[in-house]
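Basically our numbering = 1-based index in the sequence shown + 362.
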Amino acid sequence: MKNFMQEYERNLRHIKENQKEIYTSINRYTEQNTELEIKILTMIIFEEIERSFQYLYDRLETLENAVTVSHVGKLHPSIIDPSYLIEELNFIQNTIDVNVAFDPNIRNIHLWETAITVKAYSTNGTVNFILEIPLVAKQLYNLLYLYSIPTNHNIILIPKNPIMILGNNEFAYRPEPCNTITKDEVICRHLQWQDLRQSNDCIAQLLQHLEPHNCTYATATYEDNIIQQIKDNTWIVALKQEEVIKTTCGNDIQYQRNKGVFLITIDNNCNVQVKERILTTHQKYINVRETIPLPRAHQAPQTMPTKIKLQNIELDNLKQLYSKCVPRNPRVP
């Protein structure tokens with residue numbers, strides 16, 4: 363019995379020692395677990411702080427981009443969310459009886475970003491943006507680029523403006539540069555329309571196949587041929603002397619003699635050689651459009667005494683042409 367009690371006491375002491383070790387181990391584990399939680403919590407706090415600073419930075423960068431882009435009058439997603447812009451454009455179109463430039467849908471967002479003009483100003487610590495949304499006429503107009511081309515008698519007609527906007531029975535000259543939206547679409551502002559049938563404008567008379575009056579003429583001189591590209595696949599060609607024009611379309615080669623002023627239009631399957639110059643394009647298709655025949659002059663036009671050397675001047679550089687040929691008392695149409 364005595365031995366049993368001694369063994370029992372030893373077991374109790376051993377159990378107590380084990381309990382102490384377990385307690386110590388539990389405390390150590392608890393401390394380690396608490397330290398890990400603190401580390402994790404600290405990381406979470408720093409991540410939240412970093413996200414807050416990133417959000418603040420993004421907002422400031424968005425504001426900076428908006429102000430920077432507004433200086434050049436361009437629209438940018440930093441100024442207004444595209445989906446909200448489309449929503450407002452639909453509201454304008456459905457509420458007010460107006461004609462907007464393009465269908466207000468997200469597919470046309472890049473067209474709207476080009477068409478809308480932005481202005482910005484600041485008041486009382488706030489930045490305000492004004493969006494000028496173009497409202498356009500329902501009718502589409504043609505934009506005519508006017509080139510001064512020498513005739514076979516070396517006479518050139520100089521329009522007073524390089525571009526004309528033409529409707530059915532009305533026309534206008536642009537008082538300011540038009541906003542180019544796409545290759546085939548522009549928006550022109552502040553136009554002063556004139557009746558095409560009642561106008562004595564030189565170009566308006568030509569468009570109606572009338573004998574033109576109130577025109578400005580000059581004598582042109584050029585010793586060599588003139589070749590000026592006016593579109594991706596179209597050139598104005600003025601040949602002083604008869605030349606052989608070589609046209610190559612794959613294995614098909616054609617030669618043609620020509621002289622005078624004419625247009626050359628090709629696609630990417632062909633190239634045209636005029637003397638040493640070869641005309642090529644990447645455009646795949648040729649868009650055939652109606653050309654307006656101009657009337658023959660019944661009498662020789664009165665030209666100015668100044669001669670213009672066309673080798674040094676682009677045919678559409680009308681200001682330079684006009685400045686070289688206007689006399690002291692110019693007769694302006």
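Don't be surprised by glycine CBs; every beta carbon is placed ideally from N, CA and C.
Helix or strand or just coil, what does DSSP make of residue i?
i              : result
threonine 544  : coil
asparagine 595 : coil
lysine 401     : helix
alanine 534    : strand
aspartate 420  : helix
valine 697     : Because residue 697 is not part of the residues shown, which for the chain are 363 to 695, the question remains open.
alanine 428    : helix
serine 414     : helix
glutamate 573  : coil
glutamate 409  : helix
glutamate 652  : Annotation note: pLDDT 41 at glutamate 652 (below 50); position unreliable, no value reported.
Measuring alpha carbon to alpha carbon, tell me which residue in the options is nearest residue i.
i              : options                           : result
asparagine 630 : Pro444, Gln603 and Leu641         : Leu641
tyrosine 503   : Cys550, Thr485, Ser484 and Lys545 : Cys550
leucine 569    : Lys500, Ile448 and Ile527         : Ile527
tyrosine 584   : His438, Leu505 and Ile511         : Ile511
leucine 490    : Lys602, Cys540 and Val480         : Looking at the sequence shown, residue 490 is not leucine but asparagine. Checked all of Lys602, Cys540 and Val480; the closest Cα to asparagine 490 is Val480.
glutamate 506  : Lys602, Val548 and Pro439         : Going by the sequence as given, residue 506 is leucine instead of glutamate. The residue with the shortest Cα to Cα distance from leucine 506 is Val548.
Start and end of the alpha helix (DSSP H) containing residue i?
i              : result
cysteine 564   : 564-569
isoleucine 448 : 444-457
threonine 578  : Per DSSP, threonine 578 belongs to no alpha helix (DSSP H) and is neither H nor E.
State yes or no: is the C-beta of residue i nearer than 6 Å to some heavy atom of the ligand MG?
i            : result
tyrosine 507 : Among the ligands in the structure shown, none appear at all, so the ligand MG cannot be discussed.
Mind reading off the beta-carbon distance from residue i to residue j? Whole number of angstroms is fine, and I expect it under 8 Å.
i              : j              : result
alanine 580    : isoleucine 520 : 6 Å
isoleucine 448 : isoleucine 468 : 6 Å
leucine 493    : isoleucine 543 : That pair is no contact at about 16 Å.
asparagine 620 : isoleucine 607 : 6 Å
arginine 536   : leucine 553    : 7 Å
Would you kindly report the start and end of the unbroken beta strand (DSSP E) that includes residue i?
i             : result
leucine 473   : Here leucine 473 belongs to no beta strand (DSSP E); instead the alpha helix (DSSP H) covers 471-477.
aspartate 614 : 614-627
glutamine 635 : 632-636
leucine 493   : 488-494
leucine 519   : 517-519
arginine 325  : No statement about residue 325 is possible, as the shown extent of the chain runs from 363 to 695 and does not include it.
tyrosine 507  : 504-507
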